[in-house]
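Notes follow the structure.
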Amino acid sequence: DAGVIQSPRHEVTEMGQEVTLRCKPISGHDYLFWYRQTMMRGLELLIYFNNNVPIDDSGMPEDRFSAKMPNASFSTLKIQPSEPRDSAVYFCASSFGGAGANVLTFGAGSRLTVL
Amino acid sequence: DQQVKQNSPSLSVQEGRISILNCDYTNSMFDYFLWYKKYPAEGPTFLISISSIKDKNEDGRFTVFLNKSAKHLSLHIVPSQPGDSAVYFCAASGWRSGGGADGLTFGKGTHLIIQP
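As you go down the protein sequences, you meet chains V and L in turn.
Once you know that position 75 of the first sequence is 66 in my numbering, the rest is easy, because the numbers rise by one and skip nothing.
Once you know that position 106 of the second sequence is 112 in my numbering, the rest is easy, because the numbers rise by one and skip nothing.
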């Protein structure tokens, strides 16, 4: 298995532009998580899905952020419009059976820079 | 409001000695604790975990200790090796009130540097 695949690995954009980050989870995993890493706040959980259904989006910073999971093998995190404070590394992770005793497998991350 | 706290941003240890990384949590509903390791430009990878019903779990050079009354856990690495230099994240999880697993809550991480 190729693991969790994220794209793009790096994205540089200007304030106000739309950003779309993509994630392909491990086949067979039924949970998908989006995290954001910043120096100030560490790793924050943004949203997670179970069987393609959003379960908890309370970590999404504001309405500019949205996430979808149209099928079991693909998810997107969209920021529209982007702002400099959105600059961070965004991680996608997947697991079978959710967190708790089950291990999350992370992708390599998408580093976003908003100028 | 940080529910999982790692108060040491960095730690430097000599090769061959013991590394001890600490983590405190505030949410008494957490029932599973994990340590993840992260190298630059990579995602975090799972290292070791412990259930709240245990106080110790060991895997090779890595041991995690849990003190529920103090809401504290620690990761011991012995002996420390140069390849252990990385950022270590403490994480915790619980269960949603409506049923189903919750997401992982992470600390801010501790950068461990193993010096030759």
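In this text, a Cβ means the ideal position worked out from N, Cα and C, and glycines have one as well.
All values derive from a computational prediction rather than experimental measurement.
Contacts between T111/L and chain V, judged by CB atoms closer than 8 Å, involve L36 in chain order.
Q12/L is positioned such that its CB atom lies closer than 8 Å to that of K114/L.
Shown here, G33/V sits in a strand according to DSSP, grouped into three states. Among the residues facing chain L, Y81/V is not included, as its CB has no counterpart in that chain under 8 Å away.
Counting the other Cβ atoms within 10 Å of the Cβ of E5/V gives fewer than 16, which makes it exposed. Its chain contains no residue whose beta carbon lies nearer than 6 Å to that of A76/L once the 5 sequence neighbours on both sides are disregarded.
Taking 8 Å as the cut-off, the beta carbon of P85/L is found no closer than this to the beta carbon of P122/L. Between F68/L and L53/L, the CB-CB gap stays under 8 Å. Taking the beta carbon of E48/L as reference, the chain V residues within 7 Å of it are A99, listed in sequence order. Residue contact check for V94/V against chain L: a CB pair falls below 8 Å. In the structure shown, D77/V falls within a helical segment according to DSSP collapsed to helix, strand and coil.
Every candidate alpha helix (DSSP H) stretch fails here, since none sits fully inside the segment 65 to 120 of chain L while reaching 4 residues. Of all residues in the segment -8 to 19 of chain V, none has a C-beta nearer than 7 Å to a C-beta of chain L. In the DSSP annotation of this structure, M35/L is not part of any beta strand (DSSP E), being labelled neither H nor E. Distance from the CA of S80/L to the CA of L40/L, rounded to the nearest whole angstrom, comes to 10 Å. Cβ atoms of D90/L and I120/L come within 8 Å of each other, at about 5 Å.
Within 9 Å of the CB of D48/V, no CB atom of chain L is found; the nearest one sits about 11 Å away. Within the same chain, T51, L53, A92 and Y94 come within 6 Å of K43/L by CB-CB distance, once the 5 residues on both sides are set aside.
Closest option to L118/L, judged by alpha-carbon separation, among E64/L, K74/L and N28/L: N28/L.
For F87/V, no CB of chain L lies under 8 Å from its own CB, so it is not counted at the interface with that chain.
I83/L and F36/L have their C-alpha atoms some 24 Å from each other. Straight through space, the alpha carbons of G109/L and L95/V are spaced by roughly 10 Å.
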